[in-house]
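Peer 1: Position one of the sequence shown corresponds to residue 1 (our numbering), numbered consecutively onward.
For every residue, glycine included, the Cβ atom is placed at its ideal position computed from N, Cα and C.
Sharing a structure below in structure tokens format, with a few things to ask.
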Amino acid sequence: MDDVRDDVIGVWRVSWSGRLMGYVLATGPACGALSAWLGALFHLDAQSAGSAGIATAVALGFGLFAWWGLRRVRLELTTDMIVMVNPWGTQSLPWSRVSAVSLDNWGAQFHTMDGFTYTAYALSDLAGGTRQDEQFADVRRIVDAQLRSGQPL
């Protein structure tokens, strides 16, 4: 768990190895762009500047992808609801709709009373390349307590 605010019970993010992968994805192209700009300083012509501009655009694209797909992804359990920030969007699920929680390769799966399943990618094996069993144990403990009580925590 990372952050704690008044109404937030817990926040889980992609594992440290996943976040490291995000930094590597962003840093490699950024170093390439920096190198291209340094080269353009020594060879002042339009082709060098154009190449440096393209390298910068690629670096920005990789940086945005790393942030969007790995850095901003999180699972928040609040006193009122479950908030899943995934690469494809944010989903909010009230506690009253949750019937169970499980873990698979795609992350924590929140099952609802009406048969739908919502996935929190922050606990995905694929995001960090490692199992998220310890983090999921914390999530399951909180969800089980919530489901037993039937009341907001």
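Within 10 Å of its beta-carbon, does residue 84 have 16 or more other beta-carbons around it, so buried, or fewer, so exposed?
Peer 2: buried
Peer 1: Which two residues bound the contiguous alpha helix (DSSP H) that contains residue 114?
Peer 2: Premise fails: residue 114 is in no alpha helix (DSSP H) and is neither H nor E.
Peer 1: Taking 8 Å as the cut-off, decide whether the C-beta atoms of residue 140 and residue 98 are in contact.
Peer 2: No. Outside cutoff.
Peer 1: Compute the Euclidean distance between the alpha carbons of residue 48 and residue 38, then round it to the nearest angstrom.
Peer 2: 10 Å
Peer 1: Assuming residue 93 contacts residue 108 under a Cβ cut-off of 8 Å, what Cβ separation, rounded to an integer in Å, is found between them?
Peer 2: No, residue 93 and residue 108 are not in contact; Cβ-Cβ is about 11 Å, not under 8 Å.
Peer 1: Per DSSP, which residues does residue 104 bridge with? Please list them.
Peer 2: 107
Peer 1: Leaving aside the five residues before and after residue 40 along the sequence, list all residues of the same chain whose C-beta is less than 6 Å from its C-beta, in chain order.
Peer 2: 48, 49, 52
Peer 1: By DSSP, does residue 77 sit in helix, in strand, or in coil?
Peer 2: strand
Peer 1: Quick one, which of 95, 105, 121 has its alpha-carbon nearest residue 113's?
Peer 2: Residue 95 is the option with its Cα nearest to residue 113.
Peer 1: Going by DSSP, what residue range makes up the beta strand (DSSP E) through residue 93?
Peer 2: 89–94
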